[in-house]
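Here's the structure we're looking at; comments come further down.
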Amino acid sequence: MSLIVAKNLALFYKSAKSPALENVSFTIEEGRITQFLGKSGSGKTTLLKCIANLTSNFTGELTYKNRPIKAMSARDRATHIGFVAQSFDLFPHMTVLTNCTHPQIHVLDRKPAEADAIALKQLAHLGMSEYVERFPHELSGGQKQRVSIARALCMNSRLLLLDEPTSALDPESSKKLVEILRVLHNDGVTIALSTHDMTLARNLLDRIYFMENGRIIEYFDAKTKDISETTSIKNFFAH
Amino acid sequence: MEIFEVYRSALPLLLKGALMTVWISVIGILCGSFCGGVVGILECNRLRSRWLSPLLRCYVTVFRGTPLFVQLLIVYFAVPDALHIELSPITAGIITLGLNSTAYLAEVMRAGINAIDGGQWDASYILGYSRFSTFRFVILPQAIRNVLPSITNEFATLIKESSILMIIGVPELTKISKDIVARNLKPMEIYLMAAIFYLIMTYAVAYCTKFLETRASK
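Here it is as structure tokens:
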């Protein structure tokens with residue numbers, strides 16, 4: 152089943168000469184890992200921001216379970232779509248635990264005890280139990296990212312968007328991230344990520360859209376195709 | 002022995018003047034912080050309104066670009082004359098200091114909010130926070146931490162600038178000192194003592210700033 156369906160997405164920034172997105176169509180299938188590959192500036196992050204409705208001035212059709220994303224309420228969207236930004240964007244004045252409980256209490260109206268239990272469970276799942284009382288500035292990049300993932304999962308998000316998840320991580324943390332994403336995938340979380348990290352893309356090989364200059368130029372599905380049958384994606388992995 | 006006698010008779014009056022200075026400055030900084038906070042919030046990049054912003058910018062520009070002394074004369078003499086009302090010197094003084102510090106603190110607040118990383122707004126939006134909740138729980142706590150030193154600096158500035166209120170007869174420290182000197186003709190002793198009072202007040206504010214900064218950074 153397709154969670155996200157995009158048809159003919161286009162986005163033009165006034166200041167730019169060429170479109171950020173042009174005639175982009177794709178799907179994000181439930182329970183699968185969908186990767187948007189491409190060089191910097193190819194439109195991967197813009198695409199994820201459209202899905203998260205952080206950028207809403209696009210044209211074309213973009214739906215979550217047949218509902219237009221633009222029409223979803225903030226609370227509704229938050230409980231379905233989680234977004235882990237490149238810079239993780241944890242709230243610096245809150246502890247790890249509060250980062251995970253605060254949105255639950257103030258957006259989903261959960262009781263503090265319930266929010267605590269959910270947050271502690273998610274943090275334990277991602278190996279962050281011993282850091283719950285720390286502040287974001289006391290964590291490493293990989294740890295911040297895990298908290299950011301936990302925070303998204305605490306909101307019941309079954310679709311997790313990750314923007315360039317390894318760009319701020321060392322190789323060891325990147326390896327750990329792959330393990331975590333595999334665990335989440337096995338738990339049934341749908342994952343969509345943008346990356347130009349060849350190792351990450353190879354380790355999470357499932358569905359790939361290859362982007363260039365704001366367009367999707369190639370599609371790959373591990374269930375139906377072999378990498379050798381592709382051109383741009385094959386070249387990307389060859390470099 | 003004569004000097005002790007000068008101070009013995011002047012100290013209670015100077016203390017009273019110092020208390021008036023503190024009181025006026027505290028009211029001024031409270032008005033400035035609240036109103037400046039509101040103006041700063043309405044002027045920040047994410048909330049700027051096409052209609053309201055020019056008015057707020059105009060207010061900030063006028064009050065930052067003209068001398069406090071002139072503002073005081075307008076508030077105490079010109080406005081009551083135009084509106085046919087009466088203002089006591091203390092009320093006029095507080096209004097002037099409040100309006101002036103509002104303009105300065107609006108700029109401080111605006112800069113403090115704009116300095117917060119855009120990712121914080123995005124993260125709040127994605128997590129489903131309303132605009133009000135984003136402001137209340139995410140942006141303001143960080144912005145206040147950013148601007149706390151500037152607010153306390155403005156308070157220290159206000160304490161010193163409040164001396165200008167003597168011109169309309171507000172019985173604050175400088176006015177009291179001047180009155181005492183007029184009676185005992187001991188300018189060195191009295192003005193030196195007034196300067197020491199100002200120094201103590203501004204030093205106390207600086208100490209509080211340091212304390213608050215240390216607490217906020219924890």
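Line by line, the protein sequences are chains A and B.
Quick note: the first sequence uses the working numbering, first residue 152, plus one each step.
Quick note: the second sequence uses the working numbering, first residue 2, plus one each step.
Cβ coordinates follow ideal geometry from the N, Cα and C atoms, glycine included.
Keep in mind it's a predicted model, so treat the numbers as computed, not measured.
Non-local C-beta neighbours of residue 192 (chain B) in its own chain, meaning closer than 8 Å and more than five positions away in sequence, comprise 178 and 182, ordered along the chain. Just so you know, the alpha carbons of residue 379 (chain A) and residue 385 (chain A) end up roughly 6 Å apart.
Under the three-state reduction of DSSP output, residue 255 (chain A) falls in the helix class. Look at the region 217 to 239 of chain A: the residues with a C-beta under 9 Å from a C-beta of chain B are 224, 225, 226, 227, 228, 229, 230, 232, 233, 234, 236, 237, 238 and 239.
Distance between residue 184 (chain B) and residue 45 (chain B), taken at the CA atoms: about 52 Å.
Secondary structure of residue 121 (chain B) (DSSP, three-state): helix. Ranking A:369, A:340, A:299 and A:351 by CA distance to the CA of residue 183 (chain A) puts A:340 first. Out of A:330, A:275, A:291 and A:201, the CA that lies nearest to the CA of residue 123 (chain B) is found in A:201. In terms of beta-carbon proximity, residue 188 (chain B) stays away from the interface with chain A, with every pair separated by 8 Å or more. Within the same chain, Cβ atoms closer than 8 Å to the Cβ of residue 246 (chain A) are found at 283, 284, 285 and 286, the five residues on either side in sequence being excluded. Straight through space, the alpha carbons of residue 42 (chain B) and residue 88 (chain B) are spaced by roughly 30 Å.
Here residue 26 (chain B) has 159, 160 and 163 as same chain residues with Cβ atoms under 6 Å from its own Cβ, once five neighbours each way along the sequence are excluded.
Counting along the chain, the unbroken beta strand (DSSP E) around residue 362 (chain A) starts and ends at 358 to 363.
Inter-residue distance for residue 83 (chain B) and residue 76 (chain B) is about 10 Å (C-alpha atoms, whole angstroms). Residue 328 (chain A) sits close to residue 296 (chain A), with the two beta carbons spaced by under 8 Å.
Of the candidates A:189, A:222, A:191 and A:192, the residue whose Cα lies closest to the Cα of residue 203 (chain A) is A:222. If you compare the alpha carbons of A:167, A:175, A:165 and A:153 with that of residue 363 (chain A), the shortest gap goes to A:175. Bridge pairing for residue 369 (chain A): A:361 [DSSP]. The criterion of a C-beta distance shorter than 8 Å is not satisfied by residue 147 (chain B) and residue 104 (chain B). Looking at the backbone, the Cα of residue 206 (chain B) and that of residue 249 (chain A) are separated by about 33 Å.
The Cβ of residue 203 (chain A) sits closer than 8 Å to at least one Cβ of chain B. Take residue 369 (chain A), set aside five residues on each side of it, and the residues of its chain with a beta-carbon closer than 7 Å to its own are 361, 381, 382, 383 and 384, in chain order.
Secondary structure note for residue 185 (chain A): it is in no alpha helix (DSSP H), and the uninterrupted beta strand (DSSP E) holding it is 184 to 189. Judged by beta-carbon spacing, residue 157 (chain A) lies beyond the 8 Å limit of residue 199 (chain A), meaning their Cβ atoms are not closer than that value. Contact residues of the region 305 to 324 of chain A toward chain B are 306 (C-beta to C-beta distance below 7 Å). Annotated three-state conformation of residue 215 (chain A) is strand, per DSSP.
Here residue 238 (chain A) is buried. Its C-beta has 16 or more other C-beta atoms within 10 Å.
Approximately 22 Å separates the beta-carbon atoms of residue 338 (chain A) and residue 236 (chain A); this is outside 8 Å, ruling out the contact. Rounded to the nearest whole angstrom, the C-alpha separation of residue 165 (chain A) and residue 173 (chain A) is 14 Å.
Collapsing the DSSP output to three states places residue 154 (chain A) in a strand. Bounds of the alpha helix (DSSP H) holding residue 148 (chain B) are 141 to 162. Annotation: the region 290 to 320 of chain A contains the following complete segments of the beta strand (DSSP E) (minimum length 3 residues), in chain order: 310 to 314. Within the region 47 to 108 of chain B, the alpha helix (DSSP H) runs of at least 4 residues that lie entirely inside it are, in chain order, 53 to 66, 69 to 74 and 80 to 84. Taking the C-beta atoms as reference points, residue 324 (chain A) is found no nearer than 8 Å to residue 240 (chain A). The CB of residue 131 (chain B) comes closer than 8 Å to the CB of 225 in chain A, given here in chain order.
The count of Cβ pairs closer than 8 Å, one atom from the region 62 to 82 of chain B and one from the region 10 to 24 of chain B, stays below three, leaving the stretches out of contact.
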